[in-house]
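Per the working numbering, residue 1041 is the first one in the sequence shown, and the count goes up by one each step.
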Amino acid sequence: MSLRNYLDKVKPSFEKGGKLHAFKSVFDGFETFLFVPNTTSKCGVHIHDAIDSKRIMSLVVIALMPAMLFGMYNVGYQNFLAAGSPADATFISIFAYGFIAVLPKILVSYIVGLAIEFAWAQWKGEEIQEGYLVSGILIPLIIPIDCPLWILAIACAFAVIFAKEIFGGTGMNIFNVALVTRAFLFFSYPQKMSGDTVWVASEKIFGLGYNLPDGFTAATPLAQIGQGGQATASLCDMITGFIPGSIGETSVIAIAIGAFILLWTGIASWKTMLSVFIGGAAMAFIFQVAGKTPIPFYEHLVLGGFAFGAVFMATDPVTSARTEAGKWVFGLLVGAMAIIIRVMNPGYPEGMMLAILLMNMLAPLIDHCVVQRNVSKRMKRITSK
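Okay, structure coming up:
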């Protein structure tokens, strides 16, 4: 008997009047996870067309695969590099080390987040939604490899409950859930999210990799610049991603592949994505001319989480601007604000997280102003006739 036939056979037990009706939301969650539903989404402020949210989430997860896979390799590469690039290092051994190091973080993110979503849906008697499919993979990609699992679990629980469920679930949240997780980690456990000791895995795992000396440090290029120095990485390394940093944020090439997938499938807005880079480039150029930044303006666009945030975070259809003109304004302000925070605040050399969260809060206001402007224009045309 096929899995589809089995689910159809037991489904009546979970319907109204069935013995297991109390667990209907759990059954529906598993069914929609295993099979594409026959119906499309019917509610939620993120809905703009008939495509189901599961299809959207699945495509975003696929777009994240290049960044995730490269991130796994880079985790292993940084460990082997810190150990002196031993001659016995192979592609398989490097990737295997990174895979084993990153996998627990992905599992913890999904287990904690989905468990809360299932429990919340069961408690409220509502349908389980697929929104966490993307957040669950985004969260491990925007944290350092040395972030402890128990801290990650606490942050995921906080973000799902206080940044998503209390607002009504998928499509109702004001702030990007993954960025709220990172913000919680950054402000609650700053020693585990910043500094020079959290970016490189320092312990052997299942016989793979190397144990690095206690107190081993490896600053990111942005941290080196923030401390008044020069970035030791070349522009080529910045673009390819062979530098210390958050797991999935280092490779511009891998992120660009994901951007192509999102744009080709129509999931992300090219206006939002492009305007983030334009806003960031313009502000970085202004600071460069003013002598406020020691690196060329274009390097700001390939360092840290700028490219990752522009492609996967700023384009979030739930928390970004939705009007066509608003998308330009939203993206320009995100890019400009990220560079302002980087350059003007030495204590926080990244900037992208705070910029996007700030603009998430202002996105409804941007859309409101755009709509009111259009209404005013139409009223003037009417009254002038």
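For each residue, glycine too, the CB sits at the ideal point set by N, CA and C.
No experiment lies behind these values; they were computed from the predicted model shown.
- According to the DSSP assignment, residue 1277 belongs to the alpha helix (DSSP H) that extends over 1275 to 1280.
- In the displayed model, residue 1283 falls within coil according to three-state DSSP, outside both helix and strand.
- Straight across, the Cα-Cα distance linking residue 1347 with residue 1295 is about 7 angstroms.
- With contacts defined as CB atoms closer than 7 angstroms, residue 1301 and residue 1290 fail to qualify as a contacting pair.
- By the criterion of a C-beta distance shorter than 7 angstroms, residue 1265 is surrounded in its chain by 1271, 1334, 1335 and 1389, once the five residues flanking it on both sides are discounted.
- Along the region 1107 to 1167, the alpha helix (DSSP H) occurs as fully enclosed runs of 4 or more residues at 1131 to 1164, listed in sequence order.
- The region 1106 to 1124 and the region 1235 to 1247 touch, with three or more beta-carbon pairs separated by less than 8 angstroms.
- Distances from the alpha-carbon of residue 1321 to those of 1306, 1341 and 1410 put 1341 closest.
- Close CB contacts of residue 1095 within its chain, under the 6 angstroms cut and outside five residues either way in sequence, are absent.
- When C-alpha distances from residue 1141 are compared across 1422, 1196, 1115 and 1374, the shortest belongs to 1115.
- Per DSSP, residue 1328 is one residue of the alpha helix (DSSP H) stretching across 1310 to 1329.
- Of the residues assessed, residue 1276 falls on the exposed side of the cut-off, its CB having fewer than 16 other CB atoms within 10 angstroms.
- The residues 1112, 1113, 1115 and 1116, in chain order, have a CB closer than 6 angstroms to that of residue 1138 in the same chain once the five nearest residues on each side in sequence are set aside.
- When C-beta atoms of the region 1391 to 1410 are compared with those of the region 1357 to 1371, three or more pairs fall below 8 angstroms, so the two segments count as touching.
- Proximity of the region 1147 to 1161 to the region 1195 to 1203 meets the contact definition, three or more beta-carbon pairs being nearer than 8 angstroms.
- Distance between residue 1317 and residue 1329, taken at the CA atoms: about 18 angstroms.
- At the C-beta level, residue 1173 and residue 1097 come within 7 angstroms of one another.
- Annotation for residue 1221: the continuous alpha helix (DSSP H) segment containing it runs 1217 to 1228.
- Scanning the region 1183 to 1263 from its first residue to its last, the whole alpha helix (DSSP H) runs of 4-plus residues come out as 1189 to 1202 and 1217 to 1228.
- Residue 1312 sits close to residue 1355, with the two beta carbons spaced by under 7 angstroms.
- Between residue 1287 and residue 1201, the beta carbon gap of about 24 angstroms keeps them out of contact (Cβ cut-off 8 angstroms).
- Put simply, of 1417, 1220 and 1332 the residue whose alpha carbon is nearest the alpha carbon of residue 1380 is 1332.
- Here DSSP, grouped into helix, strand and coil, assigns residue 1175 to helix.
- DSSP places residue 1358 outside any alpha helix (DSSP H), giving it a letter other than H or E.
- Within the same chain, Cβ atoms closer than 6 angstroms to the Cβ of residue 1220 are found at 1199 and 1203, the five residues on either side in sequence being excluded.
- Note on residue 1376: 16 or more other CB atoms within 10 angstroms of its CB, so buried under the neighbour-count rule.
- Inter-residue distance for residue 1394 and residue 1400 is about 10 angstroms (C-alpha atoms, whole angstroms).
- Listed in chain order, the alpha helix (DSSP H) elements of length 4 or more contained wholly in the region 1356 to 1423 are 1364 to 1384.
- Per the coordinates, the alpha-carbon of residue 1212 lies some 15 angstroms from the alpha-carbon of residue 1218.
- The beta carbons of residue 1106 and residue 1297 sit closer together than 7 angstroms.
- Assignment of residue 1289 by DSSP, reduced to helix, strand and coil, places it in the coil class.
- Residue 1306 is classed as exposed because its beta carbon has fewer than 16 other beta carbons within 10 Å across all chains shown.
- A straight-line Cα-Cα distance of about 26 angstroms links residue 1177 and residue 1165.
- If you draw a straight line from the Cα of residue 1134 to the Cα of residue 1260, it comes to about 20 angstroms.
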